[in-house]
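In full-length UniProt numbering, the protein residues as written are 1 to 185.
We put the beta carbon where it would ideally sit given N, CA and C, even for glycine.
These notes are about the structure you will find just below.
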């Protein structure tokens, strides 16, 4: 399988995240989610597990933006205000008829990026004989596993076994660095 699904453009990623901050200092959800999609495209197939986790969260947020309450999901601040005022945010279970909350979904999206960050740190600091599958599993154990059921944790453990080799992962990272260097030159 190819490591890259789409051609990555660092300028698009940079633009999306830069454009997500309004002059008033609010985070515009449309541009922010576009930046996330660009980042996930950049990761390609080598990081499919992490990418799939983030893409599912991006999809939930996008459905909120396109749904009947869409005007309340223009910025992170308007989303939080709306969900707080509606009584949705709390430590209780929501009725099954309600979609996952934007606030909780954004938190989960950021947990996913923490997983990626920790995995890449471990990969960069690792020795030649260390397994990327093990490093990814350890990063998962620290960042996401505490929030997942036993069944999800077992499925994740199986998925980690399918991670590409260390060499394929480095190829993906080096390609991203080359694209960044080309875009900035």
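So, is residue i buried or exposed, given that buried needs 16 or more other C-beta atoms within 10 angstroms?
i, result
"residue 21", "exposed"
"residue 18", "exposed"
"residue 71", "exposed"
"residue 11", "exposed"
"residue 42", "buried"
"residue 35", "buried"
"residue 146", "exposed"
In angstroms with no decimal places, state the Cα-to-Cα distance between residue i and residue j.
i, j, result
"residue 1", "residue 53", "Since pLDDT at residue 1 reaches only 33, below the 50 mark, its modelled position is unreliable, and no value is offered."
"residue 171", "residue 121", "16 angstroms"
"residue 149", "residue 155", "10 angstroms"
"residue 131", "residue 32", "33 angstroms"
"residue 162", "residue 113", "20 angstroms"
"residue 158", "residue 152", "10 angstroms"
"residue 193", "residue 119", "Within the shown structure, residues of the chain are numbered from 1 to 185, placing residue 193 beyond reach of any answer."
"residue 23", "residue 79", "18 angstroms"
"residue 108", "residue 57", "7 angstroms"
"residue 99", "residue 39", "25 angstroms"
"residue 110", "residue 75", "16 angstroms"
"residue 68", "residue 26", "22 angstroms"
"residue 83", "residue 97", "16 angstroms"
"residue 14", "residue 55", "19 angstroms"
"residue 48", "residue 89", "31 angstroms"
"residue 5", "residue 51", "Bear in mind that a pLDDT of 46 at residue 5, under 50, signals an unreliable position, so the model cannot answer this."
"residue 160", "residue 126", "17 angstroms"
"residue 86", "residue 77", "14 angstroms"
"residue 165", "residue 59", "29 angstroms"
"residue 37", "residue 137", "23 angstroms"
"residue 73", "residue 16", "17 angstroms"
"residue 133", "residue 61", "29 angstroms"
How far does the alpha helix (DSSP H) with residue i in it extend, from its first residue to its last?
i, result
"residue 132", "132–143"
"residue 37", "29–43"
"residue 51", "48–66"
"residue 81", "76–85"
"residue 110", "102–125"
"residue 162", "Residue 162 -> no alpha helix (DSSP H), and no H or E assigned at all."
I believe residue i touches residue j by the beta-carbon criterion, under 8 angstroms. Please report the beta-carbon distance rounded to the nearest angstrom.
i, j, result
"residue 30", "residue 65", "7 angstroms"
"residue 169", "residue 123", "6 angstroms"
Please determine if the region 95–104 and the region 132–152 are in contact, where contact requires at least 3 C-beta pairs separated by less than 8 angstroms. Two segments are said to touch when three or more pairs of C-beta atoms, one from each, lie closer than 8 angstroms; by this definition the region 95–104 does not touch the region 132–152.
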